[in-house]
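Remarks on the structure that follows.
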Amino acid sequence: MAVGRRDGRAGQDVLRRVGEASVLILISLAGGPKHGYALIQDIKELADVELGPGTLYGALDRLERIGLIESLPAEDRRHPYRITVPGAAALRVHLDSVERVSAAGRLRLQLGGI
Amino acid sequence: MHDSRAARLVQAVLRCYPARWRRRHGDEAAELAALLIRDGTPAGSIVFSYLAGAAREWLTPRPGRRLSAVACVLLAVACSLGLSAGLLASAGPARAASPSTARVPARPVQCRTGSPEPVPAVIPAAAHLPVIIWAAGHGRAC
């Protein structure tokens, strides 16, 4: 699995280049498995972002291909997705990185007196 | 937009996706669109999102379908079309205007009585150049 190899390099942020939609999907799935419609609703509530269905399926396919999420057996016509262990690790690394950058940004704003 | 019309439009757009994608997500995607439309999402934005997604699906290189291979095929098609158009535009009229430069077949063509009169013709793009010239000269010789 691609992520397994990438995770071998300690703490590399594999989510840096996957796009905002993918990160939001991972954050939503961190709260439990969901299918497409539930993901769109949750992300709208969570981040006030309306994810288009085309964007959603593109991101889901990409995340599944690199092993960060996996699809569960279909319920009716819907495929629920679940975050994998490498996916959770990648999300943690990414959020840590965002937090560091965010803290640095706040500090600079404070020091600059803006 | 009326719901049934929007649903038909979504179905049409979903057909733009590769078959592999439609097998996997097609039914769910149609149902998701219906739910979003019911919730008040404009059908146009759903259609646009699926169109953009379909374009991305076709353009994203996959392990079994390398982008360079696709680009090579497109380039070859474009070159052959351009070459054919160039030959038709330049060689055809020029050769017809100067019969002395037209190539004569090695073995003269015999005209049979009652056979339909051959007409100067240009064989379409994929044909070989010598065939085009022979056909053009044949009408006059008879």
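Sequence order for the protein chains is A and B. Letter by letter, the first sequence follows residues 1 to 114 in the numbering used here. Letter by letter, the second sequence follows residues 115 to 256 in the numbering used here. Virtual Cβ for every residue (Gly too), placed ideally from N, Cα, C.
| query | If you check the beta carbons only, do G140 of chain B and G54 of chain A fall under 7 Å apart? | reply | no
Exercise. If you drop the 5 nearest sequence neighbours on each side, which residues of the same chain put their C-beta closer than 7 Å to that of A144 of chain B?
Worked result: V124, Q125 and L128
Requested in this report: Identify the continuous alpha helix (DSSP H) that holds Y57 of chain A and give its terminal residues.
Outcome: P53 to R65
> Taking the alpha-carbon positions, what's the L15 of chain A to A21 of chain A distance?
Replying inline: 11 Å
Rounded to the nearest angstrom, what separates P80 of chain A and V101 of chain A at their Cα positions?
33 Å
Review point. Between L63 of chain A and the rest of its own chain, which residues show a CB-CB distance below 6 Å, the 5 nearest in sequence each way excluded?
Key: S22 and I69
_Distance cutoff 7 Å, beta carbons only. Does G54 of chain A sit that close to anything in chain B?_
yes
| query | Comparing alpha-carbon positions, which option in A:D76, A:L95, A:S71 and A:E75 lies nearest I27 of chain A? | reply | A:L95
Specify, as a first and last residue, the run of the alpha helix (DSSP H) that E70 of chain A falls within. No alpha helix (DSSP H) holds E70 of chain A; the beta strand (DSSP E) holding it covers I69 to S71.
Exercise for the section: Given a cut-off of 7 Å, decide if E142 of chain B and R77 of chain A are closer than it, judged by their beta-carbon atoms. Expected result: yes
* Nonlocal neighbours in the same chain, by C-beta distance under 8 Å from G87 of chain A, ignoring five residues either side -> V3, L26, L29, L63, G67, L68 and I69
Could you tell me whether the Cβ atoms of V49 of chain A and I43 of chain A are closer together than 7 Å? yes
Margin query: Relative to the C-alpha of V18 of chain A, which candidate in A:H35, A:T84, A:A90 and A:R106 has its C-alpha closest?
Written below: A:A90
**Prompt:** With a cut-off of 7 Å, does the C-beta of R78 of chain A fall near any C-beta of chain B?
**Reply:** yes
| Y37 of chain A versus chain B: which residues are under 7 Å apart at the beta carbon? | L146 and L149
I need the straight-line Cα distance from Q105 of chain A to A59 of chain A, nearest angstrom please. Looking at the sequence itself, residue 105 of chain A is Gly, so the reference to Gln does not match. C-alpha separation (whole angstroms): 28 Å.
Practice task
Would you kindly report the start and end of the unbroken alpha helix (DSSP H) that includes I27 of chain A?
Solution key: E20 to L29
(message) If distances are taken between C-alpha atoms only, which option among A:R82, A:A47 and A:L46 comes closest to D61 of chain A?
(response) A:R82
> What's the C-alpha gap between D13 of chain A and R119 of chain B?
Replying inline: 44 Å
Inter-residue spacing [alpha-carbon to alpha-carbon] between L56 of chain A and G36 of chain A: 7 Å
- prompt: So R82 of chain A is in the beta strand (DSSP E); what residue range does that whole segment cover?
  reply: Y81 to I83
How many Å lie between L111 of chain A and A47 of chain A at the Cα?
29 Å
Among A:E45, A:G113 and A:A74, whose alpha-carbon lies nearest the alpha-carbon of P33 of chain A? A:A74
### Query
Rounded to whole angstroms, how far is the Cβ of S163 of chain B from the Cβ of G113 of chain A, which I believe are closer than 8 Å?
So it is not a contact: roughly 43 Å between Cβ atoms.
Cα separation between A169 of chain B and P132 of chain B?
10 Å
| Limits of the alpha helix (DSSP H) - the one that G140 of chain B falls within | A133 to R152
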